[in-house]
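Peer 1:
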Amino acid sequence: MTGLDRPRRLRRTPAMRRLVAETTLEPRHLVLPMFVADGLAEPREISSMPGVFQHSMDSLRKAAVEAASAGVGGLMLFGVPRPEDKDAVGSQASAPEGILNRGLRALAQEVGGDTVVMADTCLDEFTDHGHCGVLAADGAVDNDVTLDRYVEMALAQAATGAELLGTSGMMDGQVGAIRAGLDAAGYTDTGILAYAAKYASAFYGPFREAVGSSLKGDRRTYQQDPANRRESLRELELDLAEGADIVMVKPAMSYLDILRDVADHSTVPVAAYQISGEYSMITAAAERGWIDRRGAIEESLLGIRRAGADFVLTYWATEAAHWLS
Ligand code: PBG
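Going by the numbering used here, the sequence shown opens with residue -18, and the numbers climb by one from there.
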């Protein structure tokens, strides 16, 4: 063996490994998804996501301040309305006093400027059938009627001070419709975080509990087929052409190849969403003592960064930011 054959030389000491590390993980690379529920006096733990809570308005503010102080890059807010407030078109999504819009105003007031406030711009939490859009007479999700609702929702969210709108519904043309609607109303500074590639995933399971989803069935007529890779580049191209400011891939861990593809082709920053099922799997295995919790979390986040994410939505954002700073 010659001296050229010894890559272990660069792995010998922590200092040497640090010197040559290619991928970094910093608090700013982490975005915390949060849930605010209507009518809650106390935060309520989500049983399938131990350590993650549906927040009351008070606990939302506190958790947001804690996250911002830890240096996280942003917060992504989801709203959980009372079941009796859901309807066929998700009216509460665009009502200024709907739970999500109230929560967004609280975040903008509490931590606006310290971290980036992001809103989930999708109807599924607010519809009584649980789909991400409005249904046609035959029960299918009506793409173009849904776009009108998304624009109404986006305008209400922009008015709260939310800086980035997360278009997670996978309707065709959603980025363009929302961009046009925002611009026409003068919200030219409100940005769009486009879920460019979003797959119909079994790993969303715990999230359905987190938001009290009413969905029966699945989202396979609008979210992507896990079998497909090429169409993510098509989705990316469309979102870029329609005016996406940032693009996202979701889920993360089972889709790292897609993330790499998107990162290689995108002309805007790329995010990835480490979703509920990814959180719950690591949490459950760690609870059983089967894996080292912190090691697994850090490795998962590093892997997502290495695959091409500029930042990662993760339910561990605050905790990991504390470790990293
Ligand atoms: C729906 C939405 C989902 C998630 C975020 N937005 C679930 C779904 O598409 O069914 C999942 C997030 C997670 O699992 O952590 N607009």
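Every residue, glycine too, gets a C-beta built ideally from N, C-alpha and C.
Three Cβ pairs or more, each shorter than 8 Å: is that satisfied between the region 160 to 169 and the region 203 to 222?
Peer 2: With the cut-off at 8 Å, the region 160 to 169 and the region 203 to 222 do not touch.
Peer 1: Quick check on this structure: which residue in A277, A290, I285, L305 has the alpha carbon closest to the alpha carbon of H246?
Peer 2: H246 has its Cα closest to that of A290, out of A277, A290, I285, L305.
Peer 1: Taking any heavy atom of the ligand PBG as the mark, which residues have a C-beta closer than 5 Å to it, listed down the chain?
Peer 2: That gives C103, D105, S149, Y185, F188, I256, S257.
Peer 1: Between F292 and A252, which are expected to be in contact by the criterion C-beta below 8 Å, what is the C-beta distance as a whole number of angstroms?
Peer 2: At roughly 5 Å, the Cβ-Cβ gap stays under 8 Å, so F292 and A252 are in contact.
Peer 1: Considering just the uninterrupted stretch of the beta strand (DSSP E) at H307, what are its terminal residues?
Peer 2: The first residue shown for the chain is -18 and the last is 306, placing residue 307 beyond what the model contains.
Peer 1: Going by DSSP, what residue range makes up the alpha helix (DSSP H) through G147?
Peer 2: First-last for G147: 145 to 148, but that is the beta strand (DSSP E), not the alpha helix (DSSP H).
Peer 1: In the DSSP assignment, find the unbroken beta strand (DSSP E) run with V307 in it and report its ends.
Peer 2: Given a span of -18 to 306 for the chain in the structure shown, any question on residue 307 remains unanswerable.
Peer 1: Whole angstroms are fine: how far does the CA of K197 sit from the CA of A139?
Peer 2: When rounded, the distance between both Cα atoms is 31 Å.
Peer 1: Please report how far the alpha carbon of E259 lies from the alpha carbon of A118, in whole angstroms.
Peer 2: So the alpha carbons of these two residues sit roughly 36 Å apart.
Peer 1: Considering only DSSP beta bridges, list what V115 is partnered with.
Peer 2: DSSP lists no partner for V115.
Peer 1: Using a threshold of 7 Å, state whether the C-beta atoms of T108 and G71 are closer than that.
Peer 2: It is a contact, given that the beta carbons lie within the stated cut-off.
Peer 1: Excluding the 5 residues flanking K179 on each side, which residues of the same chain have their C-beta closer than 7 Å to its C-beta?
Peer 2: For K179, where only same-chain residues beyond five positions count, the Cβ hits under 7 Å are S149, M151, Q204, Q205, K231.
Peer 1: Can E3 and L305 be called in contact, C-beta distance under 7 Å?
Peer 2: No, Cβ-Cβ distance for E3 and L305 is not below 7 Å.
Peer 1: Write down every uninterrupted run of the alpha helix (DSSP H) in the region 235 to 276 whose length is 4 residues or greater and which is fully enclosed by it, in chain order.
Peer 2: Complete alpha helix (DSSP H) runs here, min 4: 237 to 246, 257 to 268.
Peer 1: Just reading off the alpha helix (DSSP H) that K67 is part of, what are its end residues?
Peer 2: Note, K67: premise wrong, no alpha helix (DSSP H); not H, not E.
Peer 1: Pick helix, strand or coil for A175, following the three-state DSSP scheme.
Peer 2: If DSSP states are grouped into helix, strand and coil, A175 belongs with the strands.
Peer 1: Would you grab the beta carbon distance between L174 and D226 for me? Rounded to a whole angstrom, and I think it's under 8 Å.
Peer 2: Yes, L174 and D226 are in contact; Cβ-Cβ is about 7 Å, under 8 Å.
Peer 1: Would you report the Cα separation of A58 and R42, rounded to the nearest angstrom?
Peer 2: Checking the sequence shown, residue 58 turns out to be Leu, not Ala. Roughly 12 Å between the two C-alpha positions.
Peer 1: Just curious, the alpha helix (DSSP H) that I227 is in, first and last residue?
Peer 2: Note, I227: premise wrong, no alpha helix (DSSP H); beta strand (DSSP E) at 227 to 231.
Peer 1: Name, in chain order, the residues that DSSP records as bridge partners for G93.
Peer 2: DSSP output for G93 lists T96 as bridge partner(s).
Peer 1: In this structure, does DSSP put R286 in helix, strand or coil?
Peer 2: Three-state DSSP puts R286 in a helix.
Peer 1: Would you check if the region 132 to 146 and the region 235 to 246 touch, i.e. whether three or more CB-CB distances between them fall below 8 Å?
Peer 2: Flag = no, the region 235 to 246 and the region 132 to 146 do not touch.
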